[in-house]
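According to mature numbering (1 follows the signal peptide of the UniProt record, and there is no 0), the residues represented by the sequence shown are -17 to -1, 1 to 128, in order.
Heads up, the beta-carbon is just placed ideally off N, CA and C, and yes, glycines get one too.
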Amino acid sequence: MKKAFLLLIPFMTVACTQIMNTMPENPKPIAKTNEVSDKSFQKGSAILYRCKDDKEVRIIRNIQNKKAKMGKQNRFSSINVTFNNITEKLTSTVSESGNSYTNIHWHWFERDDFNILTTSVGQVLAEQCIIANSSFSAHTATKQK
């Protein structure tokens, strides 16, 4: 047993030496490429709402592709709500009166007369919101230079 162990030590030493020789001495740093999404190009529709106390809420309705519409998991539409430079993605929920969108932080209620943005605990962020303008139409895209 001792002889076998003594014979294996030189082989193991040679094997480790060869592995260390194949590794580069100074590895070249990998250049990171930061992909920046172009916010000036957008598919979907964006609507600017003016609310009480001169507050602004921007709603971007996300377009679902045909495959997503057919799946049961993605049958509900979603919107991106921007308020005070914070954007949250909200999904539609069941409502008796108008459309409602929600996530863990915000609730957006669309009614016939006006719209309301609240926190998840019911604090009103923006109320009496009416459409100011539509900046994008569905299925069109704009490119700013």
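DSSP three-state call for isoleucine 30: helix, strand or coil?
-> Sequence index remark: in the sequence shown, residue 30 carries index 47 (1-based). Annotated three-state conformation of isoleucine 30 is strand, per DSSP.
Other residues of its chain near threonine 70: CB distance less than 8 Å, five sequence neighbours each side excluded = As a working note, residue 70 is residue 87 in the sequence shown. When the five nearest sequence neighbours on each side are left out, the beta carbons in the same chain lying within less than 8 Å of the beta carbon of threonine 70 are those of Asn63 and Val64, in order along the chain.
Isoleucine 42 versus Ile30, Ser61, Lys35 and Leu(-11), residue with shortest Cα-Cα distance | In the sequence shown, the residue the question calls residue 42 occupies position 59. Nearest Cα to isoleucine 42 within the set Ile30, Ser61, Lys35 and Leu(-11): Ile30.
Same chain, Cβ closer than 6 Å to threonine 76, neighbours up to 5 away in sequence not counted | By 1-based counting over the sequence shown, the position of residue 76 is 93. Excluding five sequence positions before and after threonine 76, the CB atoms of its chain that fall closer than 6 Å to its own CB belong to Ser83 and Thr85, given in chain order.
With distances taken Cα to Cα, identify the nearest neighbour of glycine 81 among Ser103, Asp36 and Asn98.
-> In the sequence shown, counting from the first residue as 1, residue 81 sits at position 98. Selected option, being the one with the closest Cα: Asn98.
Reducing DSSP to helix, strand and coil, say where isoleucine 87 ends up.
-> Taking the sequence shown and counting its residues from 1, one reaches residue 87 at position 104. Residue state, collapsed to three classes: coil.
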